[in-house]
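In order, the protein sequences belong to chains R and F. The first sequence begins at 1 in this note's numbering and counts up by one. The second sequence begins at 203 in this note's numbering and counts up by one. Using N, Cα and C, we set each Cβ at its ideal position, and we do this for glycine too. Being a predicted model, the structure only gives us computed values, none of them experimental.
There are 2 protein chains.
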Amino acid sequence: MSKLKIAIFLSGRGSNFEAILKNIETKSLDAKIECVVSNNPNAAGLNIASTYNIPTYTFSPKKFKNTEEYEEAILSKLSNHPIDLIVCAGYMKLIGPTLLNAFTNKIINIHPSLLPSFKGLNAQKQALEYGVKLSGCTVHFVDSSLDGGAIIRQVSVDVKEGDTEETLSKRILKQEHIVYSNVIQLFAKGHITIKNRNIIIN
Amino acid sequence: MSKLKIAIFLSGRGSNFEAILKNIETKSLDAKIECVVSNNPNAAGLNIASTYNIPTYTFSPKKFKNTEEYEEAILSKLSNHPIDLIVCAGYMKLIGPTLLNAFTNKIINIHPSLLPSFKGLNAQKQALEYGVKLSGCTVHFVDSSLDGGAIIRQVSVDVKEGDTEETLSKRILKQEHIVYSNVIQLFAKGHITIKNRNIIIN
């Protein structure tokens, strides 16, 4: 079976991207990262890509008339690669219809909460302010909603007494680094079936 | 230390009530159920109370002018007992200011979801329709909001492929029967401290 070809979308440090790279290196993940796309030219994740000789494409959304033209520019670069799956790894921008239509059911994201609780920015802070005793992370398909796509997998993480946004984020991130690669491997093996909002893992 | 005196509020079969009774019988819970209050004269949970010779008080809300008078009638019966804690066990009615003021931070509820996801009725059905992969149950203080009070403890439960509302409810209920008594025991031992929405377990 050929390897799953991935495009990583990121805006920041790319810690999930790095975890995926390491799982590919240790052969626990049958995938190849074809390229990295960023909306932020200063994203530290771009340096990681360079270290691994992975092509990077950076686009400043504000240089485009609208999201459609921005995403068409991305699509034109992606067309140089045989992409099976777009993996959002801290990509801080809503995906628009142009990309969604070109990659239907082929864009996934990881979010640091047990969705549908605490969508959007600063999910860990939201969780602490609400006072939940369990939080976690969710891998889901991307659709036009904010963090509202069909859920593939969720892992719970205890909130501990005295937790700060930093300590809770760190504990959740540790799980993100494991579960995201696990889900990508399920894709690589063709084990994921989509039935409306119900994701079946074979 | 004297036993924690409890009033159970229920509207239905009272399966959590029964679990609490069994944990008291086996001495894993240092509590005494003083009385059972129901808004439903046909609640099967009332029969369980009779079996155990526990006083029951039934009130039909529609026979009262408003929630205030309904709850004042409840209060007048509760005043016959030294109640430390009101435990809602399938009590399908919002608690109003009259009871909340009389029992501030002394009313708890258990809800079959990982709050704040899936508040209100049919939480398990809501969870299945959304397509979450983790659900569970939440023990929380009751305030004037619907299932929005400060969270004391949460337990996660896997959603499995092919789950129906019935199978998921059953799996969650099994955890409810354990965690609710655990939390009540923490009350009995004075181990719960309330700091706004942040519940500290000593």
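As a beta-bridge residue in DSSP terms, S135(R) pairs with V157(R). Exposure of G392(F) is indicated by the presence of fewer than 16 other C-beta atoms within 10 angstroms of its C-beta. Here the region 284-299 of chain F makes no contact with the region 325-339 of chain F; the two share fewer than three CB pairs at distances below 8 angstroms. Residues of chain R whose Cβ lies closer than 8 angstroms to the Cβ of R215(F) do not exist; the shortest such Cβ separation is about 27 angstroms. Considering only beta carbons, no part of the region 174-189 of chain R lies closer than 7 angstroms to chain F. Taking the beta carbon of R399(F) as reference, the chain R residues within 9 angstroms of it are E129, Y130 and G131, listed in sequence order. Out of T58(R), D147(R) and L115(R), the CA that lies nearest to the CA of A73(R) is found in T58(R).
The three-state secondary structure of V183(R), taken from DSSP, is helix. T67(R) carries a helical assignment under DSSP once its states are collapsed to helix, strand and coil. Looking only at N198(R), Q126(R), N47(R) and S38(R), the smallest Cα-Cα distance to Q328(F) is reached by N198(R). Taken in chain order, the whole alpha helix (DSSP H) runs of length 4 or more contained in the region 90-132 of chain R are 97-102 and 123-130. For E363(F), the chain R residues whose C-beta falls within less than 8 angstroms of its own C-beta are I200 and I201, listed in chain order. By the Cβ test, the region 378-391 of chain F is in contact with the region 300-315 of chain F, since at least three Cβ pairs between them sit closer than 8 angstroms. In this structure, the alpha-carbon of Q124(R) lies about 19 angstroms from that of I151(R). For H140(R), the three-state secondary structure derived from DSSP is strand. In the displayed model, A233(F) falls within a strand according to three-state DSSP. Taking 8 angstroms as the upper bound for CB-CB distance, E161(R) and I402(F) are in contact here, some 6 angstroms apart.
Here K372(F) is not bridged, per DSSP, to any residue. The CB of I110(R) never comes closer than 9 angstroms to any CB in chain F; the least such distance is about 13 angstroms. The beta carbon of P318(F) is closer than 6 angstroms to none in its chain, skipping five residues each way along the sequence. Close CB contacts of G96(R) within its chain, under the 7 angstroms cut and outside five residues either way in sequence, are with T67, E68 and E71 (chain order). Closest in C-alpha terms to Q154(R), from the list H177(R), E165(R) and D163(R), comes H177(R). By the CB criterion at 8 angstroms, L29(R) and L316(F) fall outside the cutoff.
Taking 8 angstroms as the cut-off between beta carbons, the residues of the region 346-359 of chain F near chain R are A352, I353, I354, R355, Q356, V357 and S358, in sequence order. G14(R) is the residue among G14(R), A31(R) and L168(R) whose C-alpha sits nearest the C-alpha of G45(R). For A7(R), the enclosing beta strand (DSSP E) stretches over residues L4 to L10.
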